[in-house]
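Enquirer:
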Amino acid sequence: MKRAVTSKLRPLKLPPHERRRLANGLHLHLVPRGPLPLVAVRLVMRGGSVWDPAGKAGVADFASRLFRRGAGGRSADEISEAVDFVGAALGGYANEENVVLSLSAPSKHLEAMLELMGMVLQQPDFPSDEIESARRRTLAQLQNELDDPGTLAERAWARAMWGSHPYGHETLGQRRSIEAITRDDLVEFHRTRLSPTLAHLYVVGDIDVERITAVVDRVFGSWKGGPELAPLVPDWDGPKDAGHVVIVDKPEQTQVQVRIGAAGVKRGHADHFPLIVMNAVLGGGFTSRLISEIRVKRGLSYGASSSFDMMSGAGTFAVSSFTKTKSVGTLLDVALGEVKKMRTKGPTPVEVDTMKRYISGLYPARLETNEAVAGAIADVQHYGLPEDWISAYRDRINAVTAKDAAAAASKHLFTDRRVIVLVGDARGLEPIAGKYGVVSVVKPAELE
Amino acid sequence: MPKSSPRTKAAVKLPPALAAIADSVIEAKLPNGLRIRLLPNDAVPTCSFYTFFKVGARNERPGITGISHLFEHMMFNGAKKYGPGMFDKVLESNGGSSNAYTSNDLTVYYEDFMAEALEKVIDLESDRMRSLAVTPKMLSSERQVVIEERRLRVDNEIAGMMDEELGALVYKAHPYRWPVIGWMRDIENITRDDCLEYFRTFYAPNNATIYVSGDFDPKQALALIKKYYGAIKAGPPVPPVLDAEPEQKGERRAHVHHPAQAPSIMIAWRGPKGEHPDTLVLDVVQYALSVGQSSRFHKRLVHELEVAVGVSVDWTWRFDPGTFTIGLELKPGGDPRQAEAALAEELEKVAREGLSARELEKAKNNLAATLTRELATNSGRAHALGTYEMMLGDWRRGLALPSAYESITSDQVKDAVKKYLSPSKKNVVTLVPEAGLEAAA
Numbered sequence: 001m002k003r004a005v006t007s008k009l010r011p012l013k014l015p016p017h018e019r020r021r022l023a024n025g026l027h028l029h030l031v032p033r034g035p036l037p038l039v040a041v042r043l044v045m046r047g048g049s050v051w052d053p054a055g056k057a058g059v060a061d062f063a064s065r066l067f068r069r070g071a072g073g074r075s076a077d078e079i080s081e082a083v084d085f086v087g088a089a090l091g092g093y094a095n096e097e098n099v100v101l102s103l104s105a106p107s108k109h110l111e112a113m114l115e116l117m118g119m120v121l122q123q124p125d126f127p128s129d130e131i132e133s134a135r136r137r138t139l140a141q142l143q144n145e146l147d148d149p150g151t152l153a154e155r156a157w158a159r160a161m162w163g164s165h166p167y168g169h170e171t172l173g174q175r176r177s178i179e180a181i182t183r184d185d186l187v188e189f190h191r192t193r194l195s196p197t198l199a200h201l202y203v204v205g206d207i208d209v210e211r212i213t214a215v216v217d218r219v220f221g222s223w224k225g226g227p228e229l230a231p232l233v234p235d236w237d238g239p240k241d242a243g244h245v246v247i248v249d250k251p252e253q254t255q256v257q258v259r260i261g262a263a264g265v266k267r268g269h270a271d272h273f274p275l276i277v278m279n280a281v282l283g284g285g286f287t288s289r290l291i292s293e294i295r296v297k298r299g300l301s302y303g304a305s306s307s308f309d310m311m312s313g314a315g316t317f318a319v320s321s322f323t324k325t326k327s328v329g330t331l332l333d334v335a336l337g338e339v340k341k342m343r344t345k346g347p348t349p350v351e352v353d354t355m356k357r358y359i360s361g362l363y364p365a366r367l368e369t370n371e372a373v374a375g376a377i378a379d380v381q382h383y384g385l386p387e388d389w390i391s392a393y394r395d396r397i398n399a400v401t402a403k404d405a406a407a408a409a410s411k412h413l414f415t416d417r418r419v420i421v422l423v424g425d426a427r428g429l430e431p432i433a434g435k436y437g438v439v440s441v442v443k444p445a446e447l448e
Numbered sequence: 449m450p451k452s453s454p455r456t457k458a459a460v461k462l463p464p465a466l467a468a469i470a471d472s473v474i475e476a477k478l479p480n481g482l483r484i485r486l487l488p489n490d491a492v493p494t495c496s497f498y499t500f501f502k503v504g505a506r507n508e509r510p511g512i513t514g515i516s517h518l519f520e521h522m523m524f525n526g527a528k529k530y531g532p533g534m535f536d537k538v539l540e541s542n543g544g545s546s547n548a549y550t551s552n553d554l555t556v557y558y559e560d561f562m563a564e565a566l567e568k569v570i571d572l573e574s575d576r577m578r579s580l581a582v583t584p585k586m587l588s589s590e591r592q593v594v595i596e597e598r599r600l601r602v603d604n605e606i607a608g609m610m611d612e613e614l615g616a617l618v619y620k621a622h623p624y625r626w627p628v629i630g631w632m633r634d635i636e637n638i639t640r641d642d643c644l645e646y647f648r649t650f651y652a653p654n655n656a657t658i659y660v661s662g663d664f665d666p667k668q669a670l671a672l673i674k675k676y677y678g679a680i681k682a683g684p685p686v687p688p689v690l691d692a693e694p695e696q697k698g699e700r701r702a703h704v705h706h707p708a709q710a711p712s713i714m715i716a717w718r719g720p721k722g723e724h725p726d727t728l729v730l731d732v733v734q735y736a737l738s739v740g741q742s743s744r745f746h747k748r749l750v751h752e753l754e755v756a757v758g759v760s761v762d763w764t765w766r767f768d769p770g771t772f773t774i775g776l777e778l779k780p781g782g783d784p785r786q787a788e789a790a791l792a793e794e795l796e797k798v799a800r801e802g803l804s805a806r807e808l809e810k811a812k813n814n815l816a817a818t819l820t821r822e823l824a825t826n827s828g829r830a831h832a833l834g835t836y837e838m839m840l841g842d843w844r845r846g847l848a849l850p851s852a853y854e855s856i857t858s859d860q861v862k863d864a865v866k867k868y869l870s871p872s873k874k875n876v877v878t879l880v881p882e883a884g885l886e887a888a889a
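From first to last, the protein sequence lines stand for chains D and U. Throughout the first sequence, residue numbering follows my numbering, covering 1 to 448 in sequence. Throughout the second sequence, residue numbering follows my numbering, covering 449 to 889 in sequence.
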């Protein structure tokens with residue numbers, strides 16, 4: 001293959017990004033962009049599941065989903081009808097670090113929908129019958145998910161990695177914590193964890209900036225309360241069960257879900273771009289080493305990938321694949337071998353050039369929708385990334401050298417501090433797994 | 449260069465954003481039958497390149513089920529100019545990525561890439577249409593990949609098992625009977641000769657339509673497509689598929705016994721073919737029943753009666769009559785008969801009373817919003833317009849859908865529900881949870 005010729009990149013046409021701040025501290029970001037008559041709105045509040053109190057895991061997500069199920073004296077049905085009628089979508093949820101209210105609306109209905117959004121945020125009623133109904137649904141959902149091998153793998157992985165660290169809180173919660181949540185907990189969550197000072201509202205799409213500023217001021221201007229300062233995430237000293245192999249026993253499986261986990265880096269780390277390029281070579285794109293060795297050369301699996309998950313306070317590295325039970329040993333040997341090879345030898349200059357071109361060439365397509373633009377801007381804000389993060393992204397990718405990528409691999413890829421999770425038939429897996437560490441077997445019900 | 453014809457533009461007045469897209473489309477056809485649609489738009493410096501082949505599981509026969517999908521995989525495994533492994537390597541090194549999917553009716557290949565790579569993408573795509581190589585080594589390795597994909601999506605995935613059972617229940621004679629991924633034994637036994645014959649029959653330019661969307665010069669793009677595809681020979685006409693499906697004379701049931709936390713049910717009816725006007729009426733029905741928390745099924749089955757944790761309705765247009773499918777996820781210990789009865793009651797109500805004016809308008813508003821959202825990206829525009837052309841015969845009919853939905857009445861809804869979703873024509877697959885193997889052992 002010929003080396004890709006580096007040429008000057010066509011410019012990104014970034015829409016204007018207007019920042020305002022309301023008197024109550026709410027940060028407002030307005031990005032007018034057409035041509036479609038649509039708007040995406042995201043209200044991002046630092047108060048996610050990491051800060052769920054002990055025994056109440058899932059309270060942030062549970063409460064956020066209930067915001068629209070009765071607010072300001074209007075019933076869940078009335079609110080749903082208003083949202084659905086105009087072809088909009090409105091919902092609340094929590095992830096690890098944030099509580100998010102998101103709205104997507106045709107632009108001609110934006111003002112009415114912002115009014116509604118302001119109401120469900122500021123005056124949720126948390127009606128008892130809605131709480132109980134949501135509790136029954138969430139418990140059923142948590143249990144039904146035990147049938148999904150991928151979900152089981154993620155749950156077992158999170159426990160083995162994080163242990164009691166707050167990033168290990170399952171966003172949806174667990175059976176016991178969902179059973180324990182009371183209406184007072186929801187009210188308390190709403191009163192003490194959400195605050196305009198720590199919130200950013202992004203409005204992206206077919207909008208008139210001045211007009212929407214006035215609407216937002218009217219709707220969100222009187223919101224007050226909550227903490228002044230963002231709580232901190234405690235430090236993490238790496239995988240809890242390093243050196244262990246956790247088998248989740250699902251005897252009826254003919255295929256095994258495989259996960260390898262290790263420590264990664266925080267978002268915004270100085271090695272960010274070399275790591276992104278290096279990981280693309282290892283397990284990112286469709287020509288990655290993992291795909292090539294596991295899928296193309298050996299036909300062991302349909303998919304294989306590696307990824308860095310970077311959060312504010314800590315980050316992880318994961319390898320993910322699946323194969324039939326008797327091939328698990330081969331797959332693990334190949335995957336661990338590829339990680340080791342990358343750590344000790346690094347990527348080749350040709351691989352690095354290919355992935356730089358791949359990542360930077362496709363980057364503009366990550367900014368095509370209003371939702372994507374809102375998400376990208378919100379990430380810069382939330383993680384405290386440099387102001388030119390988006391505009392200079394492609395240049396920073398293209399500045400990475402093979403030497404940089406090799407150094408990042410050597411510094412950040414794991415040696416022996418890693419966790420392995422296998423979801424499948426334990427009788428077939430136990431004899432294979434011993435070679436890779438201390439084996440423990442859990443039942444799916446233990447992960448509910 | 450022919451622009452979209454004024455004749456069709458005059459037919460329906462489109463909203464400004466859709467009219468702008470319609471006005472931008474440039475159409476062409478090469479002497480070898482290849483159809484070309486260009487959608488220039490310089491909002492971002494990338495492009496999407498779609499190739500639609502009119503071939504899918506519908507064109508298969510027992511013994512080679514799954515060949516369309518297996519073949520889709522083989523299209524990435526080397527041709528004359530770009531050998532095994534080169535397609536994606538060359539594409540990625542030029543700032544692009546690719547993927548593909550196979551459905552009952554279509555096989556669709558697509559690339560997203562930085563605008564500068566257009567010629568390279570045309571070179572790569574035309575190379576594999578002209579001169580795909582199916583080597584025994586690559587076939588044998590790719591077969592294993594597809595077998596793992598089947599294990600992932602069907603054999604170890606309860607919804608996959610149920611869906612496979614449902615297809616075989618709804619269809620007795622039509623090729624929609626078998627799963628797109630194919631039966632396991634067929635995947636294991638498809639030969640290289642089967643693949644070569646398949647390539648000759650279905651992968652000729654006269655069975656393909658190209659959509660290019662994004663930041664490019666249309667004159668230059670058309671010249672490049674002519675240069676690279678012009679010399680590829682047209683193939684014979686594609687053999688027609690006979691729809692020999694007999695009328696369904698009564699309710700049909702099947703059960704899947706498998707370890708599971710909770711029961712679930714899938715209910716399906718055979719609907720009209722994609723280009724039939726009733727298809728749009730069923731779109732409205734689907735939205736009124738299942739889109740949003742205020743939709744009938746969500747309100748009644750999930751929130752009021754709590755007989756289901758989740759409900760979904762799938763109505764996917766197909767060349768021949770496709771399936772209108774309702775899926776109900778139950779709680780552990782839930783009663784599938786009770787859930788089914790509640791669902792039947794809701795459908796019966798629509799058959800009797802139709803929808804309120806407000807519900808109709810709500811469904812239409814949501815259909816229009818969904819359609820508009822799909823057009824937000826280069827890839828979305830190429831895919832949406834291409835799908836409309838494949839299913840409705842013309843992409844213009846797709847962009848005019850909001851106004852077509854506008855005229856649908858409650859009486860039409862009543863008639864369509866009575867005609868297609870009647871109790872005597874339903875097909876039901878029930879998941880019966882079993883204790884795990886470990887408990888049985």
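By construction, the Cβ of each residue, glycine as well, lies at the ideal position given by its N, Cα and C atoms. Computed from a predicted model, the values in this text were never measured in an experiment.
Does the beta carbon of D:L66 come closer than 9 Å to any beta carbon on chain U?
Expert: Not one chain U Cβ lies under 9 Å of D:L66.
Enquirer: Could you check what DSSP says for D:I390 in three-state terms: helix, strand or coil?
Expert: Coil at D:I390, not helix or strand.
Enquirer: Take the Cβ of D:E446 as the centre, count every other Cβ of all protein chains shown within 10 Å, and call the residue buried at 16 or more, exposed below.
Expert: Classification of D:E446: exposed, given that the 10 Å Cβ count is below 16.
Enquirer: Kindly list the residues whose CB is nearer than 8 Å to the CB of U:A864, restricted to its own chain and excluding five residues on each side of it in sequence; keep chain order.
Expert: The answer, listed in chain order, is D726, V729, L730, V733.
Enquirer: What does the Cβ neighbour count give for D:K326, buried or exposed, with the cut at 16 atoms within 10 Å?
Expert: Result: exposed.
Enquirer: Between U:S546 and U:D536, which are expected to be in contact by the criterion C-beta below 8 Å, what is the C-beta distance as a whole number of angstroms?
Expert: At roughly 6 Å, the Cβ-Cβ gap stays under 8 Å, so U:S546 and U:D536 are in contact.
Enquirer: For U:M714, which residues does DSSP report across the bridge?
Expert: According to DSSP, U:M714 bridges with U:G775, U:V877.
Enquirer: Output, in chain order, the set of chain D residues within a Cβ distance shorter than 8 Å of U:V757.
Expert: The contacting residues are R137, A140, Q141, N144.
Enquirer: Since U:M839 meets chain D, which of its residues come closer than 9 Å, beta carbon to beta carbon?
Expert: Going along chain D, no residue has its Cβ under 9 Å from U:M839, so there is no contact; the nearest lies around 22 Å.
Enquirer: As an exercise, report each continuous alpha helix (DSSP H) stretch of at least 4 residues that is fully enclosed by the segment 481-552 of chain U, in chain order.
Expert: Fully enclosed alpha helix (DSSP H) runs of 4 or longer: 515-522, 534-541.
Enquirer: Residues of the segment 616-646 of chain U in Cβ contact with chain D at a cutoff of 8 Å, in chain order, please.
Expert: Residues passing the 8 Å Cβ filter: none.
Enquirer: Got a sec, what are the start and stop residues for the beta strand (DSSP E) U:D762 sits in?
Expert: First-last of the beta strand (DSSP E) with U:D762: 758-763.
Enquirer: For the pair the segment 518-531 of chain U and the segment 605-617 of chain U, tell me if three or more CB-CB distances fall below 8 Å.
Expert: With the cut-off at 8 Å, the segment 518-531 of chain U and the segment 605-617 of chain U do not touch.
Enquirer: Residues in the segment 592-609 of chain U with C-beta within 7 Å of chain D's C-beta atoms, listed in sequence order?
Expert: Cβ contacts with chain D come from Q592, V593, E596, E597, R599, L600, D603, N604, I606.
Enquirer: Quick one: Cα of D:L12 to Cα of D:R33, how far?
Expert: Each residue's Cα considered, the two are about 14 Å apart.
Enquirer: How would you call D:T316, buried or exposed, if buried means at least 16 neighbouring beta carbons within 10 angstroms?
Expert: It counts as buried.
Enquirer: In angstroms, rounded to a whole number, what distance separates the CA positions of U:A832 and U:N655?
Expert: Distance between the alpha carbons of U:A832 and U:N655 is about 19 Å.
Enquirer: So, with DSSP's three-state summary, where would you put D:M355?
Expert: Reduced to three states, the DSSP call for D:M355 is helix.
Enquirer: Spatial neighbours of D:V439 within its chain, please: C-beta separation below 7 Å, excluding the five flanking residues on both sides.
Expert: Closer than 7 Å at the Cβ level, and outside the excluded window around D:V439, lie V245, I247, E430, A433.
Enquirer: Tell me the DSSP secondary structure of D:N98 in three-state form.
Expert: Here D:N98 sits in strand by DSSP.
Enquirer: Give a yes or no on whether the minimum CB-CB distance between U:L776 and chain D is below 9 Å.
Expert: Output row for U:L776: interface = no.
Enquirer: Would you call the segment 250-265 of chain D and the segment 412-429 of chain D touching, i.e. three or more CB-CB distances under 8 Å?
Expert: Judged by Cβ distances under 8 Å, the segment 250-265 of chain D makes contact with the segment 412-429 of chain D, as three or more pairs qualify.
Enquirer: What residues in its chain sit with their C-beta under 6 Å from that of U:V880, if we drop five residues either side in the sequence?
Expert: Closer than 6 Å at the Cβ level, and outside the excluded window around U:V880, lie H703, H705.
Enquirer: If you measure beta-carbon to beta-carbon, which residues of the segment 362-394 of chain D are closer than 7 Å to chain U?
Expert: Going along the segment 362-394 of chain D in chain order, one finds L362, P364, A365, L367, E368, T369 with a Cβ nearer than 7 Å to chain U.
Enquirer: Report the neighbours of D:P106 on chain U: residues whose CB is nearer than 7 Å to its CB, in chain order.
Expert: The contacting residues are A817.
Enquirer: Using the rule of at least 16 other Cβ atoms within 10 Å of the residue's Cβ for burial, across every protein chain shown, is D:N98 buried or exposed?
Expert: It is buried - the Cβ of D:N98 has at least 16 other Cβ atoms within 10 Å.
Enquirer: Kindly confirm or deny that the segment 121-128 of chain D and the segment 775-782 of chain U touch, where touching means at least three C-beta pairs closer than 8 Å.
Expert: Too few Cβ pairs lie closer than 8 Å, so no.
Enquirer: Just the Cα atoms here: how many angstroms apart are D:L282 and U:N525?
Expert: The alpha-carbon atoms of D:L282 and U:N525 are separated by roughly 21 Å.
Enquirer: Report yes if the CB atom of U:K697 is closer than 9 Å to the CB atom of U:S872, and no otherwise.
Expert: Taking 9 Å as the Cβ cut-off, U:K697 and U:S872 qualify as a contacting pair.
Enquirer: Given that U:K867 touches chain D, what residues does it touch there, using C-beta distances under 9 Å?
Expert: Result: empty, since nearest Cβ-Cβ is about 26 Å, beyond 9 Å.
Enquirer: Of all the CB atoms in chain D, is at least one closer than 9 Å to the CB of U:T727?
Expert: U:T727 does not count as touching chain D.
Enquirer: What residues in its chain sit with their C-beta under 7 Å from that of D:A4, if we drop five residues either side in the sequence?
Expert: The predicted position of D:A4 is uncertain, since its pLDDT is 43 and thus under 50; no value can be drawn from it.
Enquirer: Using the rule of at least 16 other Cβ atoms within 10 Å of the residue's Cβ for burial, across every protein chain shown, is D:R159 buried or exposed?
Expert: By the neighbour-count rule (16 or more Cβ atoms within 10 Å), D:R159 is buried.
Enquirer: Hey, how far is the Cα of U:N542 from the Cα of U:I774?
Expert: Going from the Cα of U:N542 to the Cα of U:I774 covers about 43 Å.
Enquirer: I need the DSSP call for U:L701, collapsed to helix, strand or coil.
Expert: Residue identity differs from the one stated: residue 701 of chain U is Arg in this sequence, not Leu. Reduced to three states, the DSSP call for U:R701 is strand.
Enquirer: Using 9 Å as the limit for Cβ to Cβ distance, is D:Q122 near chain U?
Expert: Taking Cβ atoms only, chain U never reaches closer than 9 Å to D:Q122, which makes this a no.
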